[in-house]
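Chains as they are written, first to last, in my numbering: chain A, 1 to 257; chain B, 1001 to 1784.
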């Protein structure tokens, strides 16, 4: 395995709802190396999204360790965690959350404007944002409001936003969940390109076709990783995808999918 | 089923529902207090006059005991009833002693009234009719109580000639026909035995006065009769109401404040309802999608708002009682206000609030009809706006990120934020206008409206002016003697006196009761006229615009007046402004003969050689010892003495400052809380992408601070024009004034008042924005 980007040891997350303890994550041990594209799958309510939020520092863990780039994020304060999320991580959500009062381009460059590691001028940042949009084929909607673009375009804009600070790792929570097949394929292709360029990706998904494009698949049930499948890097051909999907589906069946 | 949905909704959207409830409480509280205020103010004097049994006509005259006017009035066939009061006169405040010290707190003579001769109902501080006064006790009207620390039970010594009495103070009384302004004479009600004891001394009868309260159907007959008696003045019931002008002005100012507060609460409430309904579009979409009809959906929300409105208005109504009392306090000190209709009107206005809320709700839910299920679902889901694009661009802006976001938010939702700007601007305008009014009414620039020339010292002692009051022709001697005294004591100067006579003037078939002024003595000032020119000959007069209207005359017309039984014709040469609206100015050489003066505005002194303020103050002190009186005033004190309203306005300004802080804080807290609720997804997203709490709090605080700064800028731009227009409007109500420019204190209106608003906004928004800390980045997953 390449250099480790993310590692968890005995990760636990518990929610107390109406005085009832709900152990969502139970002793999760996980290691993700640089350049990997890891899919997290599992039934609804198994703890996939919670795992993503805990490892990305968006939520606090109840017990255990989370090491991101060698730093134990569980012990960091809110401010330092926010800085890491801003400078070293990128996020893509199922819903295309955006700031409603900003144009698409402004939404994309917003994290870069805030980032202290970014020493370029606003003009240069804007130009970089446009370049990213061009790369993802949505440069024609730069100045549009967020209600003036399609779901697929909006999700690609979210990818641009997640990339704007050149993160070490991108966390995606069902990035294609709200998209049709064509848009879903486009978004996944962009993520694959990013991954090939060296960005580590952790992606929560229900879709075996999405997971089949990942290099490794984790299967989580009831807060525990119960299965792990090495898939190797996806080459890109349709045939390979079909084979990988078939293989993955068989494996998932074995896991009780 | 609907009931279950409603119950669930009330529980689930607790925050927004509580915010809504708070706004409803505010709204009904201000509405009930304002309506009560309006009713008490508009019908207040009529009710007071009824309670006091004020007659159709009151006739006042000097030396009422020594003539037969009372009998003659009684003999008129049109007179149904006549009640008489004879007042003894105490010519100066110095004849009263409190705690061993002579009083110097009022300038006019004081009048004593017997409890066996009360022609109208007088009220104590608790609004109970005073039936009698115990021997050795007295009640006093408001002007007696200015600037002294006297409490109920305190003893006051009184010397009238050779008679001495020690009287116990029983409290302040309200007399419907006695002005409460400090520039007017104080009245004392005492036991008849004490009164009779004092009246046995002749000194009590110098300048004694009386009042005949007449109920009649023919006012003109009374006027015709009174014409033949010098020093007698007729006031109808309607005319007597003018003595409450300042009270009514204060009351109207408070009424305007109430209306502004009510308006504020309704505007914010309307916004909040629209806001909460739009938050529910997703649910509406779901209901539409499963086939529930528009009417049913709307009724669900209307029932919800009805429940909130009923609870809110009930609480608001109970809160309005102390608020209304507080706002009417300044008015109820002088007037017996009706409290009968208060409860009913308060309840009715609360009911009106419920209906209005339901109408707002009905209006807001109208969009439900137009939306398709998909529209509603999409709108509810993403919170997208369907307006024009954002005006600013982050890439091209030099503003720091948090500042950019806050300014961009304000510009992107102009309607929402302009409502807040209007509300804030109104609050700050009320504060600053009060400040300007209070300052202007104290300013020396308004001296000319008192019909006196530029002068540095004003002798107001009624004893010194007494001779002129009885026979105005003695002014020459008074002026000469005073000028000699000034020269002999090393402070040479010129003296003037403005003497007034109330006479009837005619033009064509129009007649009007006019106060004629004549300025006697030497002055370099010429009368300041707004139009035309000042009178230059004895047959010329300048008049106020109201006089022109009364007589239906114009500049250049001739009016006639009978003075000393001789008919005079005057040409109107111009118009001037004065606090006395129905007035005319005669040329200084016009001879008024030996008429008793209706009024004398003191003795004005203009020192030679333009001394500085320190020298003027020294001269004033010297004059006090020379005349053995404390009633020698500088110009600013002279004005202050006549414009007691300035202090009232200052009090209202301070009250307005407190109200502004409370209202601003409430609006800021509730609106910010609403914004946080509405923008939960954005806040979570910002946190997810790595924006720290500090930046989010700064953005949220700055947004509201931007609004308050804009409100301050808008207010600063419009304040002076609005102040001038309103000041002249008020000036026209109190007198006949035009072209008056307001004074202002730049520190107060451009620094302190805005600082109060901005400071409250900063603190309120910052503390509320701290709540954003509770929203976690991971909440992006649980946002609907």
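Glycine included, C-beta positions come from ideal geometry on N, C-alpha and C.
Exercise for the section: Please determine, among B:1441, B:1427 and B:1407, the residue with the shortest C-alpha to C-alpha distance to residue 1657 (chain B). Expected result: Of the candidates B:1441, B:1427 and B:1407, the one whose C-alpha sits nearest the C-alpha of residue 1657 (chain B) is B:1427.
Problem - CB of residue 1019 (chain B) within 7 Å of CB of residue 1673 (chain B), strictly - result: Here residue 1019 (chain B) is near residue 1673 (chain B), since their CB atoms are less than 7 Å apart.
Exercise for the section: Would you list, in chain order, the members of the stretch 100–120 of chain A that have their beta-carbon closer than 9 Å to a beta-carbon of chain B? Expected result: Near chain B, meaning a CB-to-CB distance below 9 Å, the residues of the stretch 100–120 of chain A are 100, 101, 102, 103, 105, 106, 107, 109, 110, 111, 113, 114 and 115.
Practice task
Give the range of the alpha helix (DSSP H) segment to which residue 1602 (chain B) is assigned.
Solution key: Residue 1602 (chain B): not part of any alpha helix (DSSP H); member of the beta strand (DSSP E) spanning 1599–1607, first to last residue.
Handout entry: Length at least 4, wholly inside the stretch 1658–1738 of chain B: the alpha helix (DSSP H) runs in chain order
Key = Listed in chain order, the complete alpha helix (DSSP H) runs (minimum 4 residues) inside the stretch 1658–1738 of chain B are 1680–1688 and 1693–1734.
Exercise for the section: Could you please give the first and the last residue of the uninterrupted alpha helix (DSSP H) stretch that includes residue 1213 (chain B)? Expected result: Not the alpha helix (DSSP H): residue 1213 (chain B) falls in the beta strand (DSSP E), residues 1209–1216.
Exercise for the section: Might you give, ordered along the chain, the residues of its own chain that have their beta carbon closer than 7 Å to the beta carbon of residue 1482 (chain B), omitting 5 neighbours on each side? Expected result: Beyond the five residues adjoining it in sequence on each side, residue 1482 (chain B) comes within less than 7 Å, by CB distance, of 1495 and 1603 in the same chain, given in chain order.
Exercise for the section: Please classify residue 958 (chain B): does DSSP put it in a helix, a strand, or coil? Expected result: Outside the shown range of chain B (1001 to 1784) lies residue 958 (chain B), about which nothing can therefore be said.
Problem - Contact the stretch 1450–1470 of chain B vs the stretch 1645–1654 of chain B: 3+ CB pairs below 8 Å - result: Verdict: no, contact absent.
Handout entry: residue 1074 (chain B), enclosing alpha helix (DSSP H) - first and last residue
Key = Annotation: the continuous alpha helix (DSSP H) that includes residue 1074 (chain B) extends over 1069–1075.
Problem - Supposed contact pair residue 183 (chain A) and residue 151 (chain A) - C-beta distance, whole angstroms, cut 8 Å - result: Residue 151 (chain A) to residue 183 (chain A), Cβ: 6 Å. Contact.
Problem - Positions along the stretch 180–206 of chain A whose CB lies within less than 8 Å of some CB in chain B - result: Contact residues of the stretch 180–206 of chain A toward chain B are absent (C-beta to C-beta distance below 8 Å).
Exercise for the section: Please state if the CB of residue 1589 (chain B) and the CB of residue 1635 (chain B) are separated by a distance shorter than 7 Å. Expected result: Taking 7 Å as the Cβ cut-off, residue 1635 (chain B) and residue 1589 (chain B) do not qualify as a contacting pair.
Exercise for the section: Grab the span of the beta strand (DSSP E) containing residue 68 (chain A) for me, first residue to last. Expected result: Note, residue 68 (chain A): beta strand (DSSP E), 63–68.
Practice task
Please list, in chain order, all residues of the same chain as residue 76 (chain A) whose beta carbon is under 8 Å from its beta carbon, the five residues on each side excluded.
Solution key: Once the five neighbours on either side are set aside, the close Cβ partners of residue 76 (chain A) are 57 and 84.
Practice task
Examine chain A for any beta-carbon lying closer than 7 Å to the beta-carbon of residue 1710 (chain B), and answer yes or no.
Solution key: Output row for residue 1710 (chain B): interface = no.
Practice task
Would you please state the rounded distance, in angstroms, between the beta carbons of residue 1297 (chain B) and residue 1410 (chain B)? I believe it to be under 8 Å.
Solution key: Contact doesn't hold; Cβ gap of about 33 Å is too wide.
Handout entry: Own chain residues within Cβ distance below 6 Å of residue 1114 (chain B), not counting five before or after
Key = Leaving aside the five residues that flank residue 1114 (chain B) on each side, the residues in its chain whose CB is nearer than 6 Å to its CB run, in chain order, 1192 and 1195.
Practice task
Could you list which residues in chain B have their beta carbon closer than 8 Å to that of residue 58 (chain A), in chain order?
Solution key: What residue 58 (chain A) touches in chain B: 1687, 1688, 1776, 1777, 1778 and 1780.
Exercise for the section: With hydrogens ignored, establish whether the beta-carbon of residue 1536 (chain B) is closer than 6 Å to any heavy atom of the ligand GDP. Expected result: In the structure on display, the ligand GDP does not appear, and there are no ligands present to speak of.
Handout entry: Close-in-space but distant-in-sequence residues of the same chain around residue 1444 (chain B) (CB under 7 Å, 5 per side omitted)
Key = Excluding positions up to five away in sequence, the list reads 1635, 1636 and 1639.
Problem - Proximal chain B residues relative to residue 82 (chain A), where beta-carbon distance stays under 8 Å - result: What residue 82 (chain A) touches in chain B: 1687, 1690, 1691, 1692 and 1693.
Practice task
Please say whether residue 1361 (chain B) and residue 1273 (chain B) have beta carbons closer to each other than 7 Å?
Solution key: It is a contact, given that the beta carbons lie within the stated cut-off.
Practice task
Below 8 Å on the Cβ atoms is my guess for residue 1077 (chain B) versus residue 1188 (chain B); work out the distance and round it to an integer in Å.
Solution key: With 8 Å as the limit, residue 1077 (chain B) and residue 1188 (chain B) do not qualify as a contact, their Cβ atoms being about 36 Å apart.
Practice task
Indicate whether at least one CB of chain B lies closer than 7 Å to the CB of residue 79 (chain A).
Solution key: Cβ-Cβ to chain B under 7 Å: yes for residue 79 (chain A).
Problem - Near-chain A residues of the stretch 1130–1163 of chain B - C-beta to any C-beta below 7 Å - result: Taking 7 Å as the Cβ-Cβ cut-off against chain A, none of the residues of the stretch 1130–1163 of chain B qualify.
Practice task
Please report how far the alpha carbon of residue 1198 (chain B) lies from the alpha carbon of residue 1057 (chain B), in whole angstroms.
Solution key: Going from the Cα of residue 1198 (chain B) to the Cα of residue 1057 (chain B) covers about 29 Å.
Problem - Closer than 7 Å to chain A by CB, residue 1418 (chain B) - result: Residue 1418 (chain B) is outside the set of residues whose beta carbon lies under 7 Å from a beta carbon in chain A.
Exercise for the section: Below 7 Å between beta carbons is the criterion; list the residues of the stretch 1658–1683 of chain B that meet it against any residue of chain A, in chain order. Expected result: Here the close residues are 1681 and 1682.
Handout entry: Burial state of residue 1200 (chain B), where buried means 16 or more other Cβ atoms lie within 10 Å
Key = Only exposed fits residue 1200 (chain B), as fewer than 16 other CB atoms lie within 10 angstroms of its CB.
Problem - Residue burial classification, residue 1386 (chain B) (beta-carbon count within 10 angstroms, cutoff 16) - result: Model confidence at residue 1386 (chain B) stands at a pLDDT of 44, short of 50, so the residue's coordinates are unreliable and nothing is read from them.
Problem - Contact set for residue 1401 (chain B): own chain, Cβ-Cβ below 7 Å, skip 5 residues either direction - result: Excluding sequence neighbours, residue 1401 (chain B) sits near 1695.
Problem - Burial state of residue 1613 (chain B) (16 or more Cβ within 10 Å) - result: The residue is exposed, with fewer than 16 neighbouring Cβ atoms inside 10 Å.
Problem - Proximity test, Cβ basis, 7 Å: residue 1026 (chain B) and chain A - result: False, the Cβ-Cβ gap to chain A never drops below 7 Å.
Handout entry: Cβ contact check for the stretch 1702–1710 of chain B and the stretch 1415–1422 of chain B: 3 or more pairs under 8 Å
Key = Contact holds: three or more Cβ-Cβ distances are below 8 Å.
Problem - Cβ-based neighbour list, residue 72 (chain A), same chain, cut-off 8 Å, excluding 5 preceding and 5 following - result: Answer for residue 72 (chain A): 65 and 66, listed in chain order.
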